[in-house]
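Comments concern the structure below.
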Amino acid sequence: MTKVTIFGAGITGMSIASQLPRNYEITIVARDLPGDDPTQQWCSPWACAGWVALGGTPLEQKMQLDSLAYCSKLAKTTPESSIRCSELTDLHEVGATSAKELWYHEIVPGYQELSPAQLPNGQTADVAVKYNSFTLTPAVFLPWLRGRLESTGVTFKRIETINSLGALSYLGHDILINASGLGSMTLRDVQDEKIITDRTYTAVVKSEFGGSFVRRAATGYTYIFGRHDGTAVLGGISEPVDNKRRSTESTRTELVRMAHAGLPNDFRSDRVSDYTFVTDLEGIRPLRLPEVRVEKEVINGQKTIHAYGTTAGGYIYSFGLGRQVARLVDEYVFTH
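Written out as structure tokens, the structure is:
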């Protein structure tokens, strides 16, 4: 039986486990496990967790689309997972002057170009489209996915300190998958200098808004995802990690201003006092340049697969990235 250890119990690590053959002996190891209280160093619980088409290489695009397809099916078959299908309105003020410049032009399911008259609340944009999306609630989804994996025999093991991938060799696996995210900056036998980080602020408020909205502007992105449970997540503020941390008051003020400016008919006030805040979210996200790392490497005799660097795209890539890692696992297993 093939033994696989996955280092990282966030959305990436668990998505990978879900795509591996059921007859493999799979162990997921991490400091933080689904069900724990969130920490800033663990991105998955803090995520906006809505699907929007990002840029990237052809492989990155494929992983994003595969994730959309997989999660759309989960939304229909497992409502208890919190995944819900939605329609996303995507406005581009930068990055494209024509819809035909978008890599997902007429590719992503439900794709439709919007005329100025169809834009929400009198918005303007160089390019405006809508397409199928999904959203989920991490506090529900992560424990649900853990339970689903455990029911198929996947084991979760807490290890408080892991300083290198080599330190995991005692587990006796055939293949080690590094889905450590931020940890890949400091692991002694990885120390990936291509990773950069930012600190992201979002918030969850009570709202019956059921759609999804993104506006890509030169000054940053506004994104709003209705979670179909009486709440919506408002985003987003992204700043260098070295910046002084924002106060909750200033963060809420800015997020409410952005939501009201983007969707004034749905978020009618620009005053914080007019909203009920459920959760304030703050997390550090690792981005790997120039692309997400999904590749094999033998490290001190360990057959390793790296899978990290999606920054805000953990859920956007999720099961699509897992599918690609499963292909690389096959290459190890069936190559002698």
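In our numbering, the protein residues as written are 1231 to 1566. Every residue, glycine too, gets a C-beta built ideally from N, C-alpha and C.
Counterpart residues of residue i in DSSP-defined beta bridges
{"i": "residue 1450", "result": "1447"}
{"i": "residue 1434", "result": "1463, 1509"}
{"i": "residue 1429", "result": "1469, 1514"}
{"i": "residue 1537", "result": "1524"}
{"i": "residue 1260", "result": "1388"}
{"i": "residue 1572", "result": "A question about residue 1572 goes unanswered here, because the residues of the chain that appear run from 1231 up to 1566."}
Span of the beta strand (DSSP E) around residue i
{"i": "residue 1306", "result": "Where residue 1306 is concerned, there is no enclosing beta strand (DSSP E), although the alpha helix (DSSP H) it sits in stretches over 1288-1307."}
{"i": "residue 1611", "result": "The chain is shown only over 1231 to 1566; residue 1611 falls outside these bounds and no answer can be derived."}
{"i": "residue 1364", "result": "1357-1365"}
{"i": "residue 1386", "result": "1385-1388"}
{"i": "residue 1317", "result": "1314-1322"}
{"i": "residue 1406", "result": "1405-1408"}
Local Cβ density within 10 Å of residue i, reported as buried at 16 or more and exposed below that
{"i": "residue 1448", "result": "exposed"}
{"i": "residue 1519", "result": "exposed"}
{"i": "residue 1564", "result": "exposed"}
{"i": "residue 1231", "result": "exposed"}
{"i": "residue 1410", "result": "buried"}
{"i": "residue 1319", "result": "buried"}
{"i": "residue 1408", "result": "buried"}
{"i": "residue 1437", "result": "buried"}
{"i": "residue 1499", "result": "exposed"}
{"i": "residue 1421", "result": "exposed"}
Cutoff 6 angstroms; reference residue i; Cβ partners in own chain excluding five residues on either side
{"i": "residue 1343", "result": "1329, 1359"}
{"i": "residue 1371", "result": "1311, 1312"}
{"i": "residue 1291", "result": "1333"}
{"i": "residue 1287", "result": "1521"}
{"i": "residue 1357", "result": "1322, 1326, 1329"}
{"i": "residue 1509", "result": "1434"}
{"i": "residue 1362", "result": "1339, 1340"}
The alpha helix (DSSP H) enclosing residue i, as first and last residue numbers
{"i": "residue 1266", "result": "Where residue 1266 is concerned, there is no enclosing alpha helix (DSSP H), given that its DSSP letter is neither H nor E."}
{"i": "residue 1555", "result": "1544-1563"}
{"i": "residue 1486", "result": "1478-1492"}
{"i": "residue 1374", "result": "1368-1380"}
{"i": "residue 1244", "result": "1241-1249"}
Own chain partners of residue i with C-beta closer than 7 angstroms, once the 5 adjacent residues on each side are dropped
{"i": "residue 1567", "result": "Absent from the model: residue 1567. The displayed extent of the chain is 1231 to 1566, so no value can be given."}
Beta-carbon proximity list for residue i, same chain, < 8 angstroms, skipping 5 on both sides
{"i": "residue 1502", "result": "1479, 1482, 1483, 1486"}
{"i": "residue 1525", "result": "1535, 1536, 1558"}
{"i": "residue 1417", "result": "1392, 1393, 1394, 1395, 1408, 1410"}
- request: Could you tell me whether the segment 1394-1405 touches the segment 1279-1293, where touching means 3 or more Cβ pairs closer than 8 angstroms?
  value: no
- request: Check whether the segment 1384-1402 touches the segment 1524-1540, taking contact to mean three or more Cβ pairs, one atom from each stretch, closer than 8 angstroms.
  value: yes
query: With contact counted as at least three CB pairs below 8 angstroms, one residue from each stretch, are the segment 1344-1355 and the segment 1292-1309 in contact?
result: no
query: Is there contact between the segment 1554-1563 and the segment 1422-1442, where contact requires at least three CB pairs shorter than 8 angstroms?
result: no
message: Closer than 8 angstroms is the cut-off here; do at least three beta carbon pairs connect the segment 1236-1250 with the segment 1260-1273?
response: yes
message: Tell me whether the segment 1243-1255 and the segment 1545-1559 touch, counting them as touching only if at least three CB pairs, one residue from each stretch, are closer than 8 angstroms.
response: yes
- prompt: Are the segment 1288-1302 and the segment 1438-1448 in contact at 8 angstroms, needing three or more beta carbon pairs?
  reply: no
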